[in-house]
Amino acid sequence: MGFTAVFGGTFNPLHKGHYEMLEALQKDQSITEIWIMPDRIPPHKECDYMASDTDRINMCNLVSKDFSKATVCLVEFEREGKSYTYDTMVELCQKLPQKDFVFVCGGDMFLYFPKWYRYKDLMKLLPFYVFSRATDEKEAFENAVKEFSAMGMKLIFNNAKISNISSTEFRNSKNEKLLPKKIYDYIKEKGIYDVR
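Mapping the sequence shown onto the working numbering, position 70 (from 1) lands on 72, and the numbers just tick up by one.
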């Protein structure tokens, strides 16, 4: 049995980097399912503008249709309070012990891992599936890999080339080239982020 890859994020909006990760996960034969999991209330992000929950979920649903392995997981919308990855993954692992979960992480987010809630417990709970080329900070990334591996973190690496862009970059620039076309069209139709 293969892995169920949990791909969490604010997806505010879902950009080409996210899409490229999904393409790579779809191609990976060790991955049998991809769960796109939007955050309800992200604890670590101060944001200039947050699209509505409905719009972020709709964007995830639009993109999930492009990938046969992908579904949208709304477990974080079933709980009150902030969305902590640790709490979510404990809940999923307890409810679905037959699944082999991995948590998907871009290289930049991986560097911030020690700031995550209960990160030492989280690293022992399940393997992390890391896009190692999704960061410009190569030396810091290699040091983090050594440090976290020594602490017992199980790591799976994907070396697919991922565009180093962010949702913030799109919100600031409104550059449609940063997004999958169907996402930009949805945003324009709904007038989200003042895109007309």
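The beta-carbon is built from N, C-alpha and C at its ideal position, and this holds for glycine as well. Please read these numbers as outputs of a predicted model, since none were measured by experiment.
Please report the distance separating the alpha-carbon of residue i from that of residue j.
i: F133; j: F79; result: 26 angstroms
i: K148; j: F115; result: 13 angstroms
i: Y51; j: R135; result: 28 angstroms
i: E144; j: G109; result: 10 angstroms
i: P40; j: C107; result: 14 angstroms
i: S70; j: V197; result: 30 angstroms
i: V74; j: N60; result: 10 angstroms
i: R81; j: L127; result: 20 angstroms
i: T12; j: K97; result: 23 angstroms
i: S85; j: I43; result: 5 angstroms
i: A53; j: V65; result: 16 angstroms
i: D30; j: Y119; result: 29 angstroms
i: K156; j: I36; result: 19 angstroms
i: A7; j: F172; result: 26 angstroms
i: I194; j: E139; result: 32 angstroms
i: K101; j: Y186; result: 34 angstroms
Residue i by DSSP, collapsed to three states: which one?
i: I43; result: coil
i: G108; result: strand
i: D2; result: Lying outside 3 to 198, the shown extent of the chain, residue 2 is not represented and no answer is given.
i: D102; result: strand
i: V74; result: strand
i: F79; result: helix
Just to confirm before moving on: does the CB-CB distance between residue i and residue j stay below 9 angstroms?
i: A142; j: L113; result: yes
i: Y88; j: F5; result: no
i: I164; j: A26; result: yes
i: L33; j: V77; result: It is worth fixing the name first, because residue 33 is Ile in this sequence and not Leu. In this structure, V77 does not lie closer than 9 angstroms to I33 by Cβ.
i: P99; j: R58; result: no
Length at least 3, wholly inside the region 111-191: the beta strand (DSSP E) runs in chain order: 130-133, 157-160
Cβ pair count under 8 angstroms reaching 3, the region 140-154 against the region 92-99: no
Stretch-stretch touch, CB-based, cutoff 8 angstroms, three pairs: the region 181-189 with the region 22-31: no
Any beta strand (DSSP E) of 3 or more consecutive residues that is wholly inside the region 8-45: The region 8-45 contains these whole beta strand (DSSP E) runs: 33-40.
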